[in-house]
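Reminder that position 268 of the sequence shown reads as 1130 in the numbering used here, one-by-one numbering, no gaps. The beta-carbon is built from N, C-alpha and C at its ideal position, and this holds for glycine as well. Predicted, not measured: the structure shown is a model, and the values here were computed from it.
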Amino acid sequence: MSAQSQLGSSSSARRVSLDDLRARKADRRRFAVLTSYDATTARWQSQGGVDVLLVGDSLGPCMLGYESTVPVTMEQMLLACGAVRRGAPAAYLIGDMPFGSYHNRLHDAVKNGLSFIAEGGCDCVKLECDARMADVVAAMDRANVPVMAHLGLLPQRVTYTGNYKATGRTEESASRMIADAKALVQAGAVMLLLEAVPADTTQRIVEAVNVPVIGCGAGPACDGFVVVTPDMLGLTPGKVPKFVPKIANLGEAMRDAFANYREQIETGQYPAPEHLYPMKK
Ligand code: KIV
């Protein structure tokens, strides 16, 4: 059974747009966002009515076995974006620009941003940033590449921090984040993503800007809410962030299915007569 999308019919051809998300913000109708990395999952997400999808660089740890998001490349991201777009043609698709793809020359940042839109089929790109990146956001905006500015916990900054911790927890850090948010929206960011930020700080940011704010562990004041899909489905080995809702246990379901298959082989139950091709007369 397919659920009705809250933004538009998931079976209709019309793609969810930025204006749809702005309208939802204006009407205070919250929307669900999930990370997605492949066509099959994107199709099921779409059928579940989740039609704002983020191809996160969490692709690295979640799908490619990397320890962090740092090694993820443009090529890997574009491959994943294309697959998710094919699986969910009507989704609003956000592509995460990987480490190093927007930090060097403005020209290279814009060229890579354009590839997400033209080759990857994305509607928007996400940059982990602060006010120092306002020139990159403005250059993207001039090139018609809509930007979502990611603030708060920035996994690509693990090269500095060595760990993943909530930010904006002191008045000084919260004020800096609010100033960053305003500067990035002023530069042209069309949406914000706040990761691991206290609810009060989020509330102040939501009040300070006029663009949709997506929260990832940022409290209830946001317009949209995103989590990493394998964390939510119980597929991630080990600890997941405390803000993730535990909605399914597919890891254990998969392990049991694999064990069942192995047993069927080892006991000779499979292949059974119904699995065989009979000879033609
Ligand atoms: O890469 C990612 O999945 C993300 C989310 C955690 C927001 O950036």
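Residues of its chain near residue i, where Cβ-Cβ distance is below 6 Å and the 5 sequence neighbours each way are ignored
{"i": "C991", "result": "A1011"}
{"i": "A1080", "result": "L1056, V1059 and T1064"}
{"i": "Y1132", "result": "Q1126"}
{"i": "G957", "result": "V917, C943, F978, G982, C984 and V987"}
{"i": "V1075", "result": "L1054, V1068, C1084 and D1085"}
{"i": "M928", "result": "Here residue 928 is Tyr; the residue named in the question, Met, does not match the sequence. Hits under 6 Å: G922."}
Close-in-space but distant-in-sequence residues of the same chain around residue i (CB under 8 Å, 5 per side omitted)
{"i": "N1112", "result": "A quick correction: the sequence has Leu, not Asn, at residue 1112. Here the set comprises L1095, G1096 and L1097."}
{"i": "K1142", "result": "none"}
Where residue i falls: helix, strand or coil (DSSP)
{"i": "H1012", "result": "strand"}
{"i": "F1087", "result": "strand"}
{"i": "A1110", "result": "coil"}
{"i": "K988", "result": "strand"}
{"i": "Y954", "result": "strand"}
{"i": "A894", "result": "strand"}
{"i": "V917", "result": "strand"}
{"i": "M1053", "result": "strand"}
{"i": "V878", "result": "coil"}
{"i": "G975", "result": "helix"}
{"i": "G1077", "result": "strand"}
{"i": "Q1131", "result": "coil"}
{"i": "P1017", "result": "helix"}
{"i": "A901", "result": "helix"}
{"i": "E1136", "result": "helix"}
{"i": "A1058", "result": "coil"}
Residue i to residue j span [Cα, whole Å]
{"i": "S1037", "j": "G944", "result": "38 Å"}
{"i": "A1061", "j": "C1078", "result": "11 Å"}
{"i": "D919", "j": "L1138", "result": "43 Å"}
{"i": "D1003", "j": "A1051", "result": "8 Å"}
{"i": "A1028", "j": "A1115", "result": "32 Å"}
{"i": "V1106", "j": "V1088", "result": "9 Å"}
{"i": "L1046", "j": "A971", "result": "16 Å"}
{"i": "A996", "j": "L989", "result": "11 Å"}
{"i": "Y1100", "j": "G975", "result": "For clarity, residue 1100 is Gly in the given sequence; the question names Tyr instead. Those two C-alpha atoms are separated by around 33 Å."}
{"i": "S879", "j": "V914", "result": "9 Å"}
{"i": "T1091", "j": "P960", "result": "19 Å"}
{"i": "H969", "j": "F1120", "result": "48 Å"}
{"i": "R967", "j": "G949", "result": "33 Å"}
Close Cβ partners of residue i (< 7 Å) along its chain, the five nearest in sequence each way excluded
{"i": "V1102", "result": "D1093"}
{"i": "A1043", "result": "L1013, L1054, I1067, A1070 and V1071"}
{"i": "Y1123", "result": "none"}
{"i": "G962", "result": "none"}
{"i": "K1108", "result": "G1096"}
CB contact check: residue i to chain D, cutoff 8 Å
{"i": "S977", "result": "The displayed structure is made up of one protein chain only, and chain D is not part of it."}
* Asked: If we count Cβ pairs, one from each stretch, closer than 8 Å, do we get three or more for the region 1013–1022 versus the region 927–941?
  -> yes
* **Any 3 or more C-beta pairs closer than 8 Å across the region 899–910 and the region 877–888** => no
* To do: Would you be able to state if there are at least three C-beta pairs under 8 Å between the region 991–1010 and the region 961–980?
  => yes
* Pull every residue with its beta-carbon under 7 Å away from any heavy atom of the ligand KIV, and keep them in chain order. => T897, L916, G918, D919, S920, T931, D958, K988, H1012, P1017, L1055, E1057, C1078, V1088 and V1090
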